[in-house]
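All remarks here apply to the structure that follows.
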Amino acid sequence: MFYDKIIHIIDKDISNRKLTKSSILLLSDTGYYRYFFDELFRIADGRWIPILIDNGLLTFDEKYGDFFLPLEYIRVVLRKNHDYDEVIFNLLFDWKDQLNNPNLSDYNVLRISEICILLDKQYTSKTLDIMLWCLHLSNRAAHMVISEFVPFVKKLKEVESSDTILMIFKEIFNFVYREEEAFHSKEIKFNYDQYWVTEVFKEIKDVIQSNPLPYFEHLVNEYSKILKIIHPLKDDLYYNDYSNVARPAIEKSRYNLGVSTQDTIITMLRDIIDLTNDKENSELILNVLSKQEYPIFKRLAVYLFGERFDFLDNKYEEMFINSEMFSDYTVSHELWEVIRKRYSELQNPQIIDEILSEGHQQLRSDLEPERIERANWQWKHKWLLAIQKNSPTNERGAKIKDFERKLGYEPEHPEYEVGYSESRSGWDSPYTVEELSSMDWQEIKQCLLDFDEAKAKNTFSFQPEYEGLRRAFQVVIKKRRDEFIDHLDLFKDVNLRKLYLGTVPDGILPEDDVYRHEYLAVCVDYLNWVLDEVESGNLNFEDQHIFRFQYGFGKFFSYLSDLNRNKNNKISIEDSKILIDILIRFNKIAYKQVFQDLELVEAEQSFINRTEGDYWQAWIGLNFMVYRYTEKPEILTEFRKLLTENIGNDIYVNYLLGRHTANFYFLDKEWMLDHIQDIFPESKNKHKLWLAAMKAFLWTRSLRDELFPYLMPNIIRFCNEELD
12 MFYDKIIHII
22 DKDISNRKLT
32 KSSILLLSDT
42 GYYRYFFDEL
52 FRIADGRWIP
62 ILIDNGLLTF
72 DEKYGDFFLP
82 LEYIRVVLRK
92 NHDYDEVIFN
102 LLFDWKDQLN
112 NPNLSDYNVL
122 RISEICILLD
132 KQYTSKTLDI
142 MLWCLHLSNR
152 AAHMVISEFV
162 PFVKKLKEVE
172 SSDTILMIFK
182 EIFNFVYREE
192 EAFHSKEIKF
202 NYDQYWVTEV
212 FKEIKDVIQS
222 NPLPYFEHLV
232 NEYSKILKII
242 HPLKDDLYYN
252 DYSNVARPAI
262 EKSRYNLGVS
272 TQDTIITMLR
282 DIIDLTNDKE
292 NSELILNVLS
302 KQEYPIFKRL
312 AVYLFGERFD
322 FLDNKYEEMF
332 INSEMFSDYT
342 VSHELWEVIR
352 KRYSELQNPQ
362 IIDEILSEGH
372 QQLRSDLEPE
382 RIERANWQWK
392 HKWLLAIQKN
402 SPTNERGAKI
412 KDFERKLGYE
422 PEHPEYEVGY
432 SESRSGWDSP
442 YTVEELSSMD
452 WQEIKQCLLD
462 FDEAKAKNTF
472 SFQPEYEGLR
482 RAFQVVIKKR
492 RDEFIDHLDL
502 FKDVNLRKLY
512 LGTVPDGILP
522 EDDVYRHEYL
532 AVCVDYLNWV
542 LDEVESGNLN
552 FEDQHIFRFQ
562 YGFGKFFSYL
572 SDLNRNKNNK
582 ISIEDSKILI
592 DILIRFNKIA
602 YKQVFQDLEL
612 VEAEQSFINR
622 TEGDYWQAWI
632 GLNFMVYRYT
642 EKPEILTEFR
652 KLLTENIGND
662 IYVNYLLGRH
672 TANFYFLDKE
682 WMLDHIQDIF
692 PESKNKHKLW
702 LAAMKAFLWT
712 RSLRDELFPY
722 LMPNIIRFCN
732 EELD
């Protein structure tokens, strides 16, 4: 009864739109305070704002605790109308003046930034200082507030000059170098959350296009500062950023991983180049790049030369088409693409013939003459292929075939430098791709059965290897995929070496990311045959060529996972059955043979780079593609059963669940919360599993605010125990 009487007093004041002394005294109680604001949320009446101000309820006051509820009320009102925008705008600066108030939590800072965005656009420019204040208040607040800069910048573009956008760009787009021992990593990081920084970049692309130079120059200068810390000048006065390995192509490519901060920076620099559509800015950007020491900037310059060829003077052709550039492996890919696209447009294409006749200019002088000769064959073959793709001639084609005969193989990707690496063994095949392509499938199979690496040196003038033949076989399968599928039964033969058997799935599966059930079904049929033979004891996951044998399954798993990146891919319940069955069957027959109980660091590396991780990522990919079809978020029944059986006992499962905590929470909140203690076990004897899950969780970008109350004790424990 007492409670009802108090509630009646508050309800009466709300109904009369006034606050009596009795109500004000009651609001010092947390429960009544919350009830009062809950009612204000419900009616969303802005006329209460002056009343709340007069009674001190829209200022930070410790007796009321957290300031979240008043801020939420302001947000609710702004979503309904803008009658009190000027009053709210003035409140923002009152709140800013109380910067050090302990009740201003990070979530309150986020709410303040959201209020800035909800105000009418006439106030957008005036709230810029408030937004930057919110961004700088604390690291945690910054990682939340940065997301609000996407809608804020969208509004700001309508009312502000490009100078203001550039100022915000310079504020947000800067980096730090962090050595994170807990994660065994040393990496460049954005000061703010990478995903939202990228989204801001997308939002201001139209502004950048109107004046690209200052944006490009800022990114280059900031990136260069960090590179000098990570890759300092060597004794031979040469900088190397290893970008040609970490980032194979400047342009969009399936071989670019695209996950690191450096990848994101390079992509942004490339995008600005792509936005540049005039001679003046193209030359100015080239000038910026020419002042930098690192190969990545030279690569970007070559990329610009190729993409903006029509704008540039002939002097730039001399800068890029010369013997030094043709022998520089760091720019090899970008220059190869220039020749492939622009050879016929060059003012002096004959210079390339002279360059090739001189030979490679940067080969080590201490190499044996045979290796120097072979390296020159590879080098000339590479550039002739690029020219031939642009301007084919029979004479050049004959030269290319002659080099392939001498080398003993046809490269799959001549455009990438790594395809010609002299330090890599196993590239030489006893038969060229052309020779294998001229055979029928029975003849090809016989070649695979007959070739003996140990005896080959007595038969060939070079040293062919199993790996070289495997690669040639793989290329032929890809070239004649549908024909090969018709003869697939011929290659279901346990007498074939395991590395050839492991190559079949890679040949069958397409290179793109478009879901085609027919190819997956063929691959599943083949892998089921392999598992039949493993089950019967005719094949095993041991001894010779084991890695390549596993690779067949790994390729299938990674392909299934990669399909999920294309958000247009959907898989019906019916089509998913054979995919679920092969994943379950692999788990029962081969999982324990393939996956070992590794130490944590090894397990992390295996999860990311090997079949172990591909297997579990395949489940995630399949689950989400089925979800897109059904539009019903749930964990696949078989997947849930597998997780439940192995959680808390298998390091890969705990790592997976840590990495995808937010995804599992989305698919099945109840299951996720029921097993939170199994994913992050408190027991000391399961410390390795806990640490695997925690590191995976903290490493991911997909976080949900709702999860933090459940995980905060684990986060605090990680900070106390694992971070020095």
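For what it's worth, the numbering used here labels the leading residue of the sequence shown as 12, then goes sequentially. Where is the CB? At the ideal position from N, CA and C, for every residue including glycine.
CB contact flag (residue i, residue j, <8 Å)
{"i": "Val313", "j": "Val349", "result": "yes"}
{"i": "Lys216", "j": "Leu286", "result": "yes"}
{"i": "Leu590", "j": "Val535", "result": "yes"}
{"i": "Val487", "j": "Ser448", "result": "yes"}
{"i": "Leu367", "j": "Lys391", "result": "yes"}
{"i": "Tyr427", "j": "Pro259", "result": "yes"}
{"i": "Gly563", "j": "Val515", "result": "yes"}
{"i": "Lys254", "j": "Pro306", "result": "With the sequence shown as reference, residue 254 is identified as Ser, and Lys is not the correct amino acid for it. Contact flag set, yes."}
{"i": "Thr138", "j": "Asp105", "result": "no"}
{"i": "Lys393", "j": "Pro425", "result": "yes"}
{"i": "Val231", "j": "Val342", "result": "no"}
{"i": "Asp689", "j": "Glu645", "result": "no"}
{"i": "Leu177", "j": "Tyr226", "result": "yes"}
{"i": "Phe322", "j": "Asp289", "result": "yes"}
Sequence-distant residues of the same chain with beta carbon closer than 6 Å to residue i, five excluded per side
{"i": "Leu542", "result": "Arg596, Ile600"}
{"i": "Met155", "result": "Leu121"}
{"i": "Asp94", "result": "Gly57"}
Coil, strand or helix - residue i by DSSP
{"i": "Tyr314", "result": "helix"}
{"i": "Ser572", "result": "helix"}
{"i": "His229", "result": "helix"}
{"i": "Asn674", "result": "helix"}
{"i": "His242", "result": "coil"}
{"i": "Pro223", "result": "helix"}
{"i": "Pro306", "result": "helix"}
{"i": "Ser436", "result": "Its pLDDT being 37, under 50, Ser436 is placed unreliably in this model, and the value from its coordinates should be taken loosely. Reduced to three states, the DSSP call for Ser436 is coil."}
{"i": "His154", "result": "helix"}
{"i": "His686", "result": "coil"}
{"i": "Lys578", "result": "coil"}
{"i": "Gln373", "result": "coil"}
{"i": "Thr70", "result": "coil"}
{"i": "Leu647", "result": "coil"}
{"i": "Glu476", "result": "coil"}
{"i": "Ile99", "result": "helix"}
Beta bridge counterpart(s) of residue i as assigned by DSSP
{"i": "Ile199", "result": "Tyr188"}
Same chain, Cβ closer than 8 Å to residue i, neighbours up to 5 away in sequence not counted
{"i": "Trp388", "result": "Phe414, Lys417, Leu418"}
{"i": "Leu82", "result": "Asn119, Arg122, Ile123, Ile126"}
{"i": "Ser221", "result": "Ser173"}
{"i": "Lys166", "result": "Ile128, Lys132, Thr135"}
{"i": "Glu356", "result": "Phe320"}
{"i": "Asn185", "result": "Phe201, Asn202, Glu233"}
{"i": "Leu103", "result": "Ile123, Ile126, Cys127, Thr138, Ile141"}
{"i": "Glu79", "result": "Going by the sequence as given, residue 79 is Phe instead of Glu. The answer, listed in chain order, is Ser116, Tyr118, Asn119, Arg122."}
Buried or exposed (CB count within 10 angstroms, at least 16 for buried), residue i
{"i": "Leu268", "result": "exposed"}
{"i": "Gly57", "result": "buried"}
{"i": "Ile662", "result": "buried"}
{"i": "Ser33", "result": "exposed"}
{"i": "Ala9", "result": "Only positions 12 to 735 of the chain appear in this structure, which leaves residue 9 out of reach."}
{"i": "Leu244", "result": "exposed"}
{"i": "Phe567", "result": "buried"}
{"i": "His698", "result": "exposed"}
{"i": "Met279", "result": "buried"}
{"i": "Gln457", "result": "exposed"}
{"i": "Tyr266", "result": "exposed"}
{"i": "Arg481", "result": "buried"}
{"i": "His147", "result": "exposed"}
{"i": "Lys509", "result": "buried"}
{"i": "Pro422", "result": "buried"}
{"i": "Ala465", "result": "exposed"}
Own chain, CB closer than 7 Å to residue i, minus 5 neighbours either side, in chain order
{"i": "Asp96", "result": "Leu130, Asp131, Tyr134"}
{"i": "Ala707", "result": "Tyr666, Gly669, Arg670"}
{"i": "Ile21", "result": "Ser34, Leu37, Tyr43, Tyr46, Phe47"}
{"i": "Leu395", "result": "Arg407, Lys410, Ile411"}
Residue i beta carbon near the ligand MN (any heavy atom closer than 7 Å)
{"i": "Gln474", "result": "Inclusion of the ligand MN in the displayed structure is not the case, the ligand content being empty and no account of it being possible."}
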